[in-house]
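Mapped onto the working numbering, the consecutive letters of the sequence shown carry residue numbers 169 to 426.
The beta carbon of each residue, even a glycine, is placed where N, CA and C say it ideally should be.
See below for the structure under consideration.
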Amino acid sequence: MRQRWWSLTAAALLVAGAVVPAGPAWAAAPTFKVPFPCNQSWSGQTRSDHSPANAIDFNRTDDLGDPVVASAPGTVDRVTDLGGTSYGKYVRIDHGGGYTTYYAHLNGFNVSVGQQVGYGKVIGWVGSTGGSTGPHLHYEQRLDGADIKVKFNGTVALYWGTKTYTSGNGCSSGTGSGTVDTAGSPLTVRSGPGTGYSSVGTVADGATVTIGCQTSGTTVTGTFGTSSIWDRIGSGRFIADAYVYTGHDGYIPNVPRC
Ligand SMILES: [Zn+2]
């Protein structure tokens, strides 16, 4: 975690996210990542008069021709040029479970229909085609054809406004590091990702921990707010991320899910 005492709104979103099914038949949502190469930072804007409303427009300085990458594994099912209107040149990826992503106003394509893509795969380049007035990437996530609020690493994007998003897409996976902050008392280590698992020890306040993977479990309110994320710090050893400073809100970009 990064920020202490998240707003009540953010905490409520997290809790809601844990109990509301993602879609029909409880299909698991793909873990979408920022649609640009690893470690790049882009300004993403949402606005209520956007069409569709939940789309994000991404920009950075001198972005014309910059690579756009698949935000999750899937199969390319549209590589379409609408000419001077609407999306212009766009790619759609089918991620299964009813989930699709759209990448519009591209300058050019780097994939074809039917192609399987993974994280970090370059699918095209930022352009200003279609009904665009300047270079940017128009990006959407849809479920069963309806646009949904964009999530990266399971965290909802900023609605409404402009925020900088740093990509963890296609980065080689690795371990993370965190510092336990409990304001004094030792933090209980559990055998699994939840308070219902047995205690298998403690880590001291101020201790540095190595995080091999992260997963969702019991929602905990701690030093850094309310979170359902648990950090695996060893074999059969989990601690609540709400008490761990990792430098990131939500999941750490390069650390895998357990
Ligand atoms: Zn747009």
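message: Suppose contacts are defined by Cβ-Cβ distances below 8 Å. Is I401 in contact with I379 by that definition?
response: yes
query: Taking the C-alpha atoms as reference points, what is the distance between D417 and G329?
result: 18 Å
- request: Note down, one range per segment and in chain order, each beta strand (DSSP E) of at least 3 residues found wholly within the region 201–235.
  value: 209–214, 224–227
field: Spatially closest choice to G360 from G393, D409, G338, N321, by CA coordinates
entry: D409
message: To the nearest angstrom, how far is the alpha carbon of G352 from that of L305?
response: 47 Å
query: Exposed or buried, D245, counting other C-beta atoms within 10 Å across all chains shown (16 or more means buried)?
result: exposed
Check: D225 C-beta below 7 Å from any heavy atom of ligand 1: yes
task: Determine the burial state of T214: buried for a count of at least 16 other Cβ atoms within 10 Å of its Cβ, exposed for fewer.
output: buried
message: Between the alpha carbons of T414 and T376, how many angstroms are there, rounded?
response: 10 Å
query: Three-state secondary structure (DSSP) at A410?
result: helix
query: Does the region 331–343 come close enough to the region 262–269 that 3 or more CB-CB pairs lie under 8 Å?
result: no
- prompt: Is H306 near ligand 1, with its Cβ less than 7 Å from a heavy atom?
  reply: yes
task: Spell out a yes or no on whether the region 312–327 and the region 211–227 are touching, meaning 3 or more CB-CB pairs, one atom from each, closer than 8 Å.
output: yes
- prompt: Which of the three DSSP states, helix, strand or coil, is assigned to L326?
  reply: coil
Residue range of the beta strand (DSSP E) that includes S280: First-last for S280: undefined, no H or E at that position.
S403 to G374 span [Cα, whole Å]: 21 Å
message: I need the boundaries of the beta strand (DSSP E) containing G292, first residue and last residue.
response: 290–294
message: Helix, strand or coil, according to DSSP, for D349 in the structure here?
response: coil
query: Can you give the Cα-Cα distance for V388 and P198, rounded to whole angstroms?
result: 24 Å
field: Beta-carbon proximity list for I407, same chain, < 8 Å, skipping 5 on both sides
entry: V348, L355, T356, V357, R358, V371, V377, W398, D399, I401
task: For L182, count neighbouring Cβ atoms within 10 angstroms of its own Cβ and tell me buried if that reaches 16, exposed if not.
output: The predicted model places L182 with a pLDDT of 41, which falls under 50 and marks its position as unreliable; any figure quoted below should be read in that light. Buried.
query: To the nearest angstrom, how far is it from the Cα of D315 to the Cα of I261?
result: 14 Å
Extent of the continuous beta strand (DSSP E) to which G242 belongs: 242–249
message: Rounding to the nearest angstrom, what Cα-Cα distance links G167 and G251 in this structure?
response: Since the displayed the chain opens at 169 and closes at 426, residue 167 lies outside it and no answer follows.
field: ligand 1 heavy atom lying under 7 Å from the CB of H263
entry: no
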